[in-house]
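Contents: one structure, followed by commentary.
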Amino acid sequence: MTYTNPVIPGLYPDPSICRVDDDYYLVTSTFAYFPGVPIFHSKDLVNWRQIGHCLTTERQLPLANTWISGGIYAPTIRYSDGWFYMVTTNVGGIGNFYVRSKQPTGPWSDPVPVAQGGIDPSLFFDEDGRVYFQSNCKGNEGYGIYQCEIDISTGSMLTETRLLWKGTGGAHPEAPHLYKINGLYYLMIAEGGTEYGHMVTIARSGDPYGPFEPCPVNPILSHRSLNSSIHATGHADLVQAHDGSWWAVFLGIRPVSYPYRHHLGRETFLAPVSWTSDGWPIIGDGGRIESVMEAPQLTEVRWPPKAIRDDFDDTMLGFDWVFLRNPAPDSWSLREFPGHLALRGNKTSLDDASAPAFVGRRLSHMSCNIAALLNFEPVNDGEEAGLTVFMNERYHYDLAVKRKEERKVIVLRRTVGSMRTERTLDCAEGNVVLKIDVRPESFAFAIQQEGSDVLELGSGETHLLSTEVAGGFTGILIAMYAVCETRQGSPALFDWFDYEPRD
Ligand code: 6LW
Numbered sequence: 000m001t002y003t004n005p006v007i008p009g010l011y012p013d014p015s016i017c018r019v020d021d022d023y024y025l026v027t028s029t030f031a032y033f034p035g036v037p038i039f040h041s042k043d044l045v046n047w048r049q050i051g052h053c054l055t056t057e058r059q060l061p062l063a064n065t066w067i068s069g070g071i072y073a074p075t076i077r078y079s080d081g082w083f084y085m086v087t088t089n090v091g092g093i094g095n096f097y098v099r100s101k102q103p104t105g106p107w108s109d110p111v112p113v114a115q116g117g118i119d120p121s122l123f124f125d126e127d128g129r130v131y132f133q134s135n136c137k138g139n140e141g142y143g144i145y146q147c148e149i150d151i152s153t154g155s156m157l158t159e160t161r162l163l164w165k166g167t168g169g170a171h172p173e174a175p176h177l178y179k180i181n182g183l184y185y186l187m188i189a190e191g192g193t194e195y196g197h198m199v200t201i202a203r204s205g206d207p208y209g210p211f212e213p214c215p216v217n218p219i220l221s222h223r224s225l226n227s228s229i230h231a232t233g234h235a236d237l238v239q240a241h242d243g244s245w246w247a248v249f250l251g252i253r254p255v256s257y258p259y260r261h262h263l264g265r266e267t268f269l270a271p272v273s274w275t276s277d278g279w280p281i282i283g284d285g286g287r288i289e290s291v292m293e294a295p296q297l298t299e300v301r302w303p304p305k306a307i308r309d310d311f312d313d314t315m316l317g318f319d320w321v322f323l324r325n326p327a328p329d330s331w332s333l334r335e336f337p338g339h340l341a342l343r344g345n346k347t348s349l350d351d352a353s354a355p356a357f358v359g360r361r362l363s364h365m366s367c368n369i370a371a372l373l374n375f376e377p378v379n380d381g382e383e384a385g386l387t388v389f390m391n392e393r394y395h396y397d398l399a400v401k402r403k404e405e406r407k408v409i410v411l412r413r414t415v416g417s418m419r420t421e422r423t424l425d426c427a428e429g430n431v432v433l434k435i436d437v438r439p440e441s442f443a444f445a446i447q448q449e450g451s452d453v454l455e456l457g458s459g460e461t462h463l464l465s466t467e468v469a470g471g472f473t474g475i476l477i478a479m480y481a482v483c484e485t486r487q488g489s490p491a492l493f494d495w496f497d498y499e500p501r502d
C-alpha cells in the first residue's frame, strides 16, 4: 500500500514528532498566527487529524506587532515520564521557552523560558535523568549547534552552553535533534537554509557532548540538485514506529513552475528511514523522496474527511481557523448572531502589521473552489468586509463589500509590494456570495448576488503571493476579514465558508 506526500499539506513547516505507545503526535511552526503550534495525532503516520493547539492564550503567545514571519519558529515535541513537552521560540518575544501538558490536547502550561539563545530548540531526555536543551545560536565558538543541561522542572540552565557541532559546512546549521540509538548519541540537523538548498545532515558520538563524527554519506536527505516535483526538503525529525521501523517527518515544498517558480508554503512530508551496515540512517531512497511512497506497515486508521462547508453553527471555531496575531476580543463572535461568524472591523487594515478582524485558514491545495456567503450592510464610508488571499501585509488580493462615497460597492483589490490596483462596481442590498477559483497559475474572483448570475471580476497571479516574491517563512492563507476606518464597524455576517479541493 502507498501514501502520498505531503502528509499534512499547506503551511505546516518545521515538523517535529513523538510517539507514545501506538499514538503519534506532530507539531509545526506558526509565526504570527494565533493560536500557535497546531498539534496533530495519527495512528499510522500517514493519516493525521488536528487535535488542538499548544499555545492558545495571549499569556502563552503574545504576538502584538510581531512581523508576519516572526513569532513562533520551529517547535519540538517530546514525551517523558508522563508529560508532553513542546519547546519553541517566540522570535520578537521571550525567545526560547517550553510548555508542558499531561494530555496532548492540553491544557498546556504557561511558558517556561530557557536562557540559551538561538532558534530551533529541542529537548533530549537521557536515560540517566539528565535533560539536554539544544538550539542553533552564535556562541563562544561562533555559529552552530549548542547544548546545555537544564532542570526540566524550572527551565533553568544547569551547565554552560557548549558547542556540539557546526555541521558539514552548509549555511545555517539549525533544526537540531539529539537521539540515543544503540548506545550512541546521534545529532541530526538541517543545513543550507530552508529554501532550495536545504538538506539534512547527521553525526554521532558516544557522549552527549561529542565530539561528533559526521556521517560519511551526508546529506542523508536533500533535493537541492534534483529535478523533482518536491524541493527544499529539510528540517527533519526521526521516530521509531511501534513496529520497530524508522521514519522521518520533514518540511518540503511543491513548486509550481509555470509561469514562474512558486509554492503555497512549506508543508509536512513523511519518508521511511533505512540504516546502513555501519549504523547510519538514510532518509528515503538515498536521501531522495517521492510524492508516492510505500506506506508504513501499520494498521491504517483514517479520520473522518473534512466537510467542505463550515456553517458556523458551533460556538467554537474549528482548528483550521487562525487569527493574525492576537485578535481584538470584540473583532469576532460566533454567539452574537448564531449560525454566523460575525466580524467587526477596526481601524487596522490588512496593510498594517497588526491585528485586523481576520479569521483565516491555510491554502493547502493548488486547485480548489472557495466561497463564502456574506451579509454586510456598511453604514459609513470606509467600512469593508470580505475574503482575502493573504501572504502578508504587502502581498494580498481582496474581494470585499465596501461603502465608498456613500454607495455600497464590490471591490477587487490586488496589493503586490508597493503596487495596488482596485476595481469597484455597484452592489445591491442583501447577501452576496464571494467566490475564489484557485488554480496553480492564478486566483479567479467572482461574486453572485441574490437572484443574479455569477459575475466574473478578474484574477491575480498566484506566483506574486509566494515566498519567492514576497519573502518570509509563511505561506498563503484564505481569510475572512473586516475593516472600519472610523470606529467599530457594522457586523459582517459570514453565514458559511466553503473550501472544496479539486486536486
Ligand atoms: C526555522 C528554521 C528555518 O525555525 O526557518 O530557515 C525557521 N530555517 O529552521 C522558520 O521556519
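Per the numbering used here, the sequence shown starts with residue 0, numbered consecutively. The beta carbon of each residue, even a glycine, is placed where N, CA and C say it ideally should be.
Asked	Found
Residues sharing a beta bridge with D309, DSSP	F496
Residues near W274 by beta carbon distance below 8 angstroms, same chain, minus five either side	W245, P280, I281
Candidates E383, V90, A114, M187, of which the one nearest E159 by Cα	A114
Beta-carbon proximity list for T55, same chain, < 6 angstroms, skipping 5 on both sides	P34
For T88, the residue or residues it bridges with in DSSP	N95
G192 Cβ short of 7 angstroms to ligand 3 heavy atom set	Ligand 3 is not among the ligands present in this structure, which contains only ligand 1.
Neighbourhood of P110 by C-beta, 7 angstroms cutoff - its chain only, sequence neighbours within 5 removed	Q59, I93, F96, V98
Cβ contact (3+ pairs, closer than 8 angstroms) linking the region 337-344 and the region 463-483	yes
E266 beta carbon near ligand 1 (any heavy atom closer than 7 angstroms)	no
Neighbourhood of D502 by C-beta distance below 8 angstroms, restricted to the same chain and skipping five residues each side	H364, M365, S366, C367
Per-residue burial, Y84 [other beta carbons within 10 Å of its own, 16 or more giving buried]	buried
E173 beta carbon near ligand 1 (any heavy atom closer than 7 angstroms)	yes
Outcome for P37 when other beta-carbon atoms lying within 10 angstroms are tallied against a minimum of 16	buried
Beta-bridge pairing of M292 - partner residues as DSSP gives them	Y2
Three-way DSSP call (helix, strand, coil) for T466 in this model	helix
Supposed contact pair N46 and W302 - C-beta distance, whole angstroms, cut 8 angstroms	6 angstroms
Straight-line Cα distance separating S348 from V432	22 angstroms
H234 CB to nearest heavy atom of ligand 1 below 7 angstroms	yes
Cβ-based burial, V300 [other Cβ within 10 Å; buried from 16]	exposed
Heavy atom of ligand 1 within 7 angstroms of A73 beta-carbon	yes
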